[in-house]
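Each residue of the sequence shown is one higher than the one before, counting from 38 in this note's numbering.
To start, the structure itself, in structure tokens.
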Amino acid sequence: MLEDIAPAIKSSQKVKLRSVSNQTNHANLPFETTLTFLPFINYLRQQTSGKEDTRSRFYNYMIERFESEPVLLTAIKNPELLDEHRDLLELLGTSLFPVVSEADKNIFALTVPYHFTVFNDSPSFRNLFVKDDQFLLPDNAPVDFLTRAQCALLYDHVMEKFYGIKLNSTTDIVYPVTDRATGMKRYYKLRYDRRFIDLKVNGELPDLQNCAVCMNTFRILDQEKHLKSMPPSLFSAEGFGIWIAEDVTTHESLEAMKKVLLRQETCDPRV
Numbered sequence: 038m039l040e041d042i043a044p045a046i047k048s049s050q051k052v053k054l055r056s057v058s059n060q061t062n063h064a065n066l067p068f069e070t071t072l073t074f075l076p077f078i079n080y081l082r083q084q085t086s087g088k089e090d091t092r093s094r095f096y097n098y099m100i101e102r103f104e105s106e107p108v109l110l111t112a113i114k115n116p117e118l119l120d121e122h123r124d125l126l127e128l129l130g131t132s133l134f135p136v137v138s139e140a141d142k143n144i145f146a147l148t149v150p151y152h153f154t155v156f157n158d159s160p161s162f163r164n165l166f167v168k169d170d171q172f173l174l175p176d177n178a179p180v181d182f183l184t185r186a187q188c189a190l191l192y193d194h195v196m197e198k199f200y201g202i203k204l205n206s207t208t209d210i211v212y213p214v215t216d217r218a219t220g221m222k223r224y225y226k227l228r229y230d231r232r233f234i235d236l237k238v239n240g241e242l243p244d245l246q247n248c249a250v251c252m253n254t255f256r257i258l259d260q261e262k263h264l265k266s267m268p269p270s271l272f273s274a275e276g277f278g279i280w281i282a283e284d285v286t287t288h289e290s291l292e293a294m295k296k297v298l299l300r301q302e303t304c305d306p307r308v
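Here it is as structure tokens:
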């Protein structure tokens, strides 16, 4: 049954890596990342262990398909390999976001671990966040936008995996996007799913007392100090991540109105 359905899943969209424009002043964190689908397959193996239900059978089918293409389970250094296996990647996207859900609400893109480099994005994601084959940054994004975003994502994973600490900060990004059809500004919250990323440490982990992590609030207080005491180059990541976008225009608009009202009350001459 699955063998009959899967070949029918075809994509006319070329699979390619889309990064932030290299003409900007934004720089990525200096740490090693490897694109591979091996952590995804290992995750599926864990989910199917000792199970015989329908979902497990589908996961086993996915495992068989990827194992039949071993080049995808090693470090993918040639981007052309992605397009050569676009049908399998289309099946992957369908398995992550079921075909029965509303297509325009499946706003997602697979990414190189902890980088703003996407591939195999959904049409809705591409329409919002990609232009001229480049990943768009938010309007008027500060020069250190990429560094701050990558720091939040990387060190949230580092703290949880190697120190057993969940940082008390969000890694979500609120993205203002101008609708190309209406010209109206909308807001999307980008959430990063890292369950298919395997993070490794290349050396000795530093003592947290020498880092800029407050053990009372579980926050990184000084990013520059933290980068020096726990440099990104100490870690390497392999696998792929997923950006998932959610329309939060209504919420952000209400929050903006609240701030305006609060300012008006503060400046009220009758007070």
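Glycine included, each C-beta is placed from N, C-alpha and C at the ideal position.
- Put simply, the region 121-133 does not touch the region 213-227. Fewer than three CB pairs are less than 8 Å apart.
- Of the candidates Lys262, Lys237, Phe277 and Ile257, Phe277 places its Cα closest to the Cα of aspartate 230.
- In the DSSP assignment, glutamate 101 falls outside any beta strand (DSSP E) and within the unbroken alpha helix (DSSP H) covering 91-104.
- Between the region 220-239 and the region 265-280, the count of C-beta pairs closer than 8 Å reaches three or more; the two stretches touch.
- Phenylalanine 182 and serine 93 have their alpha carbons spaced roughly 40 Å apart.
- Between tyrosine 200 and threonine 70, the CB-CB gap reaches or exceeds 8 Å.
- According to DSSP, phenylalanine 156 shares a beta bridge with Leu147.
- Taken through DSSP and simplified to helix, strand or coil, glycine 130 comes out as helix.
- Looking only at Asp120, Asp193 and Leu75, the smallest Cα-Cα distance to isoleucine 100 is reached by Leu75.
- Going by DSSP, phenylalanine 272 is part of the beta strand (DSSP E) stretching over 272-276.
- Rounded to the nearest whole angstrom, the CA to CA distance from tyrosine 98 to methionine 252 is 45 Å.
- With contacts defined as CB atoms closer than 8 Å, leucine 72 and valine 180 fail to qualify as a contacting pair.
- For secondary structure counted as the beta strand (DSSP E) over 3 or more consecutive residues, the region 171-254 holds these complete runs in sequence order: 210-215, 222-230 and 234-238.
- The C-alpha of asparagine 239 is placed about 21 Å away from the C-alpha of asparagine 79.
- Look at the beta carbons and you see the region 164-177 not touching the region 185-194: under three pairs across the two are nearer than 8 Å.
- In the structure shown, the three-state DSSP call for valine 167 is strand.
- Bridge pairing for serine 56: Thr154 [DSSP].
- For aspartate 259, the three-state secondary structure derived from DSSP is coil.
- If you draw a straight line from the Cα of serine 105 to the Cα of arginine 232, it is about 23 Å long.
- Under the criterion of beta carbons closer than 8 Å, leucine 66 and glutamine 260 do not qualify as touching, at roughly 11 Å.
- With a cutoff of 8 Å on beta-carbon distance, leucine 236 and valine 195 are scored as near each other.
- In terms of Cβ geometry, valine 155 and leucine 147 form a close pair [threshold 8 Å].
- In summary, arginine 55 is buried, with 16 or more beta-carbon neighbours lying within 10 Å of its beta-carbon over all protein chains present.
- For threonine 85, the uninterrupted alpha helix (DSSP H) segment begins and ends at 75-85.
- Closest by C-alpha distance to arginine 256, out of Glu289, Leu242 and Thr207, is Thr207.
- Leucine 118 and threonine 184 have their C-alpha atoms roughly 29 Å apart.
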